[in-house]
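**Q** Starting off with a structure, shown below.
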Amino acid sequence: MIPARRTLPIRYAPYPGEALDSWLEAFAARLGCPFADVLGALGLPNRDPAVAAPVLPRWTTVATPDELAVITEVTGVPADVLTAMTLQPYDGHAVVIVPGQRRVHRQALWGRAGSRFCPACLEETGGRWQLTGRLGWSFACTRHHVLLADRCPACLHTPGCAPTPAGKCPAPACAPARPWPVAPAHDDATTP
Numbered sequence: 014m015i016p017a018r019r020t021l022p023i024r025y026a027p028y029p030g031e032a033l034d035s036w037l038e039a040f041a042a043r044l045g046c047p048f049a050d051v052l053g054a055l056g057l058p059n060r061d062p063a064v065a066a067p068v069l070p071r072w073t074t075v076a077t078p079d080e081l082a083v084i085t086e087v088t089g090v091p092a093d094v095l096t097a098m099t100l101q102p103y104d105g106h107a108v109v110i111v112p113g114q115r116r117v118h119r120q121a122l123w124g125r126a127g128s129r130f131c132p133a134c135l136e137e138t139g140g141r142w143q144l145t146g147r148l149g150w151s152f153a154c155t156r157h158h159v160l161l162a163d164r165c166p167a168c169l170h171t172p173g174c175a176p177t178p179a180g181k182c183p184a185p186a187c188a189p190a191r192p193w194p195v196a197p198a199h200d201d202a203t204t205p
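In my numbering, the protein residues as written are 14 to 205.
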């Protein structure tokens, strides 16, 4: 029997449509702790054991049932909400997820590297990223009626192509050194 994990000290609800890794980074920032500490509390890897290097968050592509169960137990967010924060519901329709590798096949359907974004959405949410920006066919913000950006205007990097430094407290940013304006954080006593 797997021992019960401790819950995190606060409840922090994801925004509607937010990507799983964005929420986890925002959670770490809200707690004021290194990203690796939140990943450790959730039992999520932050390094690829084969190369001992930071990895991109593959759980945003597909989270395993075990990962979903632990995240639900520790955060109180239901597994179906967490699954909706991954690309798994789009598999076979908007993206093709490579079986057993938890990555999007970039040459099939509309796969692409990185994430597009609406600067107005990022500003309104304090740097929280929408999952739909990762879909290759997503090119406009339906809320603000603008085309999505695919490069940071300050540093010209493509967001979402580099892993979050595990030993640092995340700051909402398009690139690690270029923070976006941060809106006040919101805490919810309960999760959705």
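Just so you know, even glycine gets a beta-carbon here, dropped at the ideal spot from N, CA and C. Bear in mind the structure is a predicted one, so any value in this text is a computation, not a measurement.
From this set, 45, 55, 37, which residue's C-alpha is nearest residue 19's C-alpha?
**A** Of the candidates 45, 55, 37, the one whose C-alpha sits nearest the C-alpha of residue 19 is 55.
**Q** Compute the beta-carbon to beta-carbon distance between residue 98 and residue 52, rounded to the nearest angstrom, for a pair I have assumed lies under 8 angstroms.
**A** 15 angstroms between Cβ atoms; not a contact.
**Q** Quickly, what does DSSP pair residue 110 with across the bridge? List them, please.
**A** Per DSSP, 117.
**Q** Going by beta-carbon coordinates alone, are residue 4 and residue 91 separated by less than 7 angstroms?
**A** With the chain represented from 14 up to 205, any question about residue 4 goes unanswered, as that position is not in the structure.
**Q** Do residue 110 and residue 75 have their beta-carbon atoms positioned less than 7 angstroms apart in this structure?
**A** Against a cut-off of 7 angstroms, the Cβ pair of residue 110 and residue 75 comes out as a contact.
**Q** In whole angstroms, what is the alpha-carbon distance linking residue 162 and residue 131?
**A** Rounded to whole angstroms, residue 162 to residue 131 spans 6 angstroms at the Cα level.
**Q** Residue 50 to residue 24, Cα distance in whole Å?
**A** Each residue's alpha carbon lies about 16 angstroms from the other.
**Q** Of the residues 107, 113, 30, which one's Cα is nearest the Cα of residue 142?
**A** With distances taken between Cα atoms, residue 142 lies closest to 30.
**Q** Please confirm whether residue 149 has its beta-carbon closer than 7 angstroms to some beta-carbon of chain C.
**A** Reference to chain C is not applicable here, since this structure consists of a single protein chain.
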